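This report refers to the structure that appears directly beneath it.
In this note's numbering, the protein residues as written are 39 to 233.
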């Protein structure tokens, strides 16, 4: 199972992609359901630049075979099941799962995000939490771009504390609008059937 952002599987056409659809009798758009949209995705692991050669590594690719959970408790997350890669291996045969933090994140904590913005190879950014109130983590000094939704937010020890959901460091007095944000793992665990 893989945890990611829920809006990646929502029906939409305003975030840089158009959800799959077919035309109805009156030429209206009939969109595929999120459970169908999810199975059109693949998960690429180790899509990064090789430090020795400077070349992009061949990623380990796994198909999404099932949408397990989507936005329970109105939180922006999803859990998907991945299938076997072309060599017949499951993700757990090749990649170690992230450990979940048992500590509640606090304002000022150092956090990091490993992301693949706009489909580019792996980028790692780090900074401090601006806020850890409620179900949301806010950070305004970590660069994230479109396409990074679903990336894990990790604490200083590398353990997972949240899922990145929104970029948006614009200049504003309202921190919720002037910061990138994510949803806390603890909030997800409270509503998910998978934790």
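Cβ coordinates follow ideal geometry from the N, Cα and C atoms, glycine included. Since the structure is predicted, the reported quantities are computational estimates derived from the model, not experimental observations.
Member of the options whose CA lies at the smallest distance from the CA of residue i
{"i": "residue 98", "options": "90, 91, 129", "result": "129"}
{"i": "residue 79", "options": "140, 131, 118, 227", "result": "118"}
{"i": "residue 182", "options": "196, 160, 173", "result": "160"}
{"i": "residue 220", "options": "101, 115, 49", "result": "115"}
{"i": "residue 163", "options": "172, 149, 156", "result": "149"}
{"i": "residue 109", "options": "177, 185, 43", "result": "43"}
{"i": "residue 100", "options": "121, 87, 94", "result": "121"}
{"i": "residue 184", "options": "48, 205, 145, 88", "result": "205"}
{"i": "residue 172", "options": "230, 144, 134", "result": "144"}
{"i": "residue 228", "options": "141, 111, 136, 96", "result": "111"}
{"i": "residue 147", "options": "67, 127, 224, 166", "result": "166"}
Cβ separation of residue i and residue j, assumed to be a contact under 8 Å, to the nearest whole Å
{"i": "residue 199", "j": "residue 175", "result": "7 Å"}
{"i": "residue 152", "j": "residue 190", "result": "7 Å"}
{"i": "residue 40", "j": "residue 81", "result": "6 Å"}
{"i": "residue 142", "j": "residue 61", "result": "So it is not a contact: roughly 49 Å between Cβ atoms."}
For residue j and residue i, the rounded distance between their alpha carbons
{"i": "residue 216", "j": "residue 180", "result": "12 Å"}
{"i": "residue 235", "j": "residue 104", "result": "Residue 235 lies beyond the range of the chain shown here (39 to 233); nothing can be said about it."}
{"i": "residue 83", "j": "residue 92", "result": "17 Å"}
{"i": "residue 86", "j": "residue 65", "result": "42 Å"}
{"i": "residue 131", "j": "residue 203", "result": "28 Å"}
{"i": "residue 46", "j": "residue 197", "result": "23 Å"}
{"i": "residue 107", "j": "residue 125", "result": "27 Å"}
{"i": "residue 230", "j": "residue 136", "result": "17 Å"}
{"i": "residue 139", "j": "residue 226", "result": "13 Å"}
{"i": "residue 127", "j": "residue 232", "result": "22 Å"}
{"i": "residue 67", "j": "residue 134", "result": "41 Å"}
Residue i, buried or exposed, once every other Cβ within 10 Å from all chains shown has been counted against 16
{"i": "residue 218", "result": "buried"}
{"i": "residue 192", "result": "buried"}
{"i": "residue 59", "result": "exposed"}
{"i": "residue 123", "result": "buried"}
{"i": "residue 201", "result": "buried"}
{"i": "residue 222", "result": "buried"}
{"i": "residue 187", "result": "buried"}
{"i": "residue 74", "result": "exposed"}
Residue i beta carbon near the ligand MN (any heavy atom closer than 7 Å)
{"i": "residue 41", "result": "No copy of the ligand MN appears in this structure; indeed no ligand is present at all."}
Whole beta strand (DSSP E) runs in the segment 54-132 with 3 or more residues, listed along the chain?
59-61, 67-69, 80-83, 98-108, 116-120
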